[in-house]
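Numbering (the working numbering), first residue to last: 72 to 490. Beta carbons: idealized from backbone N, C-alpha and C, even for Gly. Bear in mind the structure is a predicted one, so any value in this text is a computation, not a measurement. Reading through the structure tokens given below for one structure.
As structure tokens, then:
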């Protein structure tokens, strides 16, 4: 059977992407994910309207019909702790901007409001968790400031060390890693190294003095402050790695530190949740995939999905979102933009042979859900070797990278994005 025929045989047609529509057409997803504890829902590009709608609809299905109670998002761990009460109904619309001034700029405001609305009207509320380094590497302050506040209570003698790190970090703070990297370069090597050294000393002190800190607070407060500090440490390393990538000196897989932190954040939230908690994890396809990320044959990242699959086995399920459309939304570097990039509606060449998108077009799939698990043993599965990411294409064995793919026929840039 040709690969397009195989896909058609294993595809489930979806009637709509409308998150408020009846959910019966998604019922096959229940069997596809099985008993997985963590279901990751990706996207081939940020800021695509159809992907946002699909995520909302899948989240609603998993919450209402499958008992999922936690949404983990590619969003700062520290910021997520502040946002969860808002998701549960506390505060007003203005508070969303106060807690996360870049929520709409990053294109996640609609998803957050959807979850808040769901919680207000549903008997199955969903908690919210961030898993990422602060502001995607744009600033260490959302993690470091609460760490300094914690130290005021448990170890005042260490506060000056935290404040020294905060003072340096404030000079490179931006809306994303794309804006923070050039600001970091302006610090000079001495200040860069001083920040890294201060963070390393804080981290060691936190670990060494846990028996002192916990009685002065409690285990949960200690664990939270420790993981916030880890966020800052990992963000500092991610900025170094990104700078090296930009100047061509980065060794292979140097960007993996951020993804490892995200994977461990998912496990942190699981360990601090009720037994049996099931998680919907929303992040870019490049983060959720189980196969290493490589561009032009050069290893770039061991992604979060690979770490989670290694730790959780079949309890981790990766669902990619992609589109067969002739356009996408691309992020273009711009040092004058608040986030260090702008977004643009970008035309695409026809899908490459061997890609999920080309096979889906040939099979007439879309919108539709394709179960890839059985492809691993199929005679023609080796022909699925490509998938779109942003405006380019990644080459890898797709059935090894993802368990399923949701394909949409259109890809429209979200409105109201301020990047």
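Rounded Cβ spacing between residue 408 and residue 119 (contact assumed at less than 8 Å): Rounded, the Cβ-Cβ distance is 19 Å, inconsistent with contact.
Close Cβ partners of residue 489 (< 6 Å) along its chain, the five nearest in sequence each way excluded: Reliability of the predicted coordinates at residue 489 is poor, the pLDDT of 49 falling under 50, and the value obtained from them is presented with this limitation in mind. Excluding sequence neighbours, residue 489 sits near 176.
Inter-residue Cα distance where the pair is residue 257 and residue 314: 12 Å
Reference residue 402, options 460, 331 and 303, closest by Cα: 460
Check whether residue 125 and residue 88 have beta carbons under 8 Å apart: yes
Check whether residue 478 and residue 425 have beta carbons under 8 Å apart: no
C-alpha distance - residue 261 paired with residue 297, whole-angstrom precision: 26 Å
Beta-bridge pairing of residue 241 - partner residues as DSSP gives them: For residue 241, which the question treats as bridged, DSSP gives no partner whatsoever.
Start-to-end residues for the alpha helix (DSSP H) that takes in residue 145: No alpha helix (DSSP H) holds residue 145; the beta strand (DSSP E) holding it covers 141 to 147.
Stretch pair the segment 203 to 223 + the segment 241 to 256: three plus CB contacts closer than 8 Å: yes
Residue 282 - DSSP class collapsed to helix/strand/coil: helix
The alpha helix (DSSP H) enclosing residue 122, as first and last residue numbers: 120 to 137
DSSP state of residue 399 mapped onto helix, strand, coil: strand
Run of the beta strand (DSSP E) containing residue 188, from where it starts to where it stops: Per DSSP, residue 188 belongs to no beta strand (DSSP E); it is in the alpha helix (DSSP H), 180 to 192.
Beta-carbon contacts of residue 99 that lie in its chain and below 6 Å, excluding the five residues immediately before and after: 83
Nearest-angstrom Cα separation, counted from residue 292 out to residue 446: 45 Å
Contact under 8 Å by Cβ, residue 199 with residue 162: no
Nearest neighbour of residue 344, chosen from 106, 122, 131 and 141 [CA to CA]: 141
6 Å CB neighbourhood of residue 351 in its chain, flanking five on each side removed: 110, 130, 133, 139 and 142
Proximity test, residue 289 beta-carbon vs the ligand SAH heavy atom, cut-off 7 Å: Questions concerning the ligand SAH fall outside what the structure shown contains, since it holds no ligand whatsoever.
Paired residues, beta bridge with residue 426 - DSSP: 457
Three-state secondary structure (DSSP) of residue 431: helix
Residue 231 classed as buried or exposed, judged by whether at least 16 other C-beta atoms fall within 10 angstroms: exposed
Burial state of residue 171 (16 or more Cβ within 10 Å): buried
Run of the alpha helix (DSSP H) containing residue 161, from where it starts to where it stops: Segment: none, residue 161 is in no alpha helix (DSSP H) and carries neither H nor E.
Segment limits, beta strand (DSSP E) that includes residue 469: Unbroken run through residue 469 is the alpha helix (DSSP H), 469 to 472; no beta strand (DSSP E).
Inter-residue Cα distance where the pair is residue 280 and residue 485: 47 Å
Terminal residues of the beta strand (DSSP E) in which residue 248 lies: Where residue 248 is concerned, there is no enclosing beta strand (DSSP E), although the alpha helix (DSSP H) it sits in stretches over 248 to 258.
For residue 94, three-class secondary structure by DSSP: coil
Residues that DSSP places opposite residue 484 in a beta bridge: 119
Short Cβ contact (8 Å threshold) for residue 307 with residue 266: yes
Distance, residue 239 Cα to residue 269 Cα: 10 Å
For residue 429 and residue 153, the rounded distance between their alpha carbons: 42 Å
Stretch-stretch touch, CB-based, cutoff 8 Å, three pairs: the segment 377 to 384 with the segment 328 to 344: yes
According to DSSP, residues forming a beta bridge with residue 404: 412
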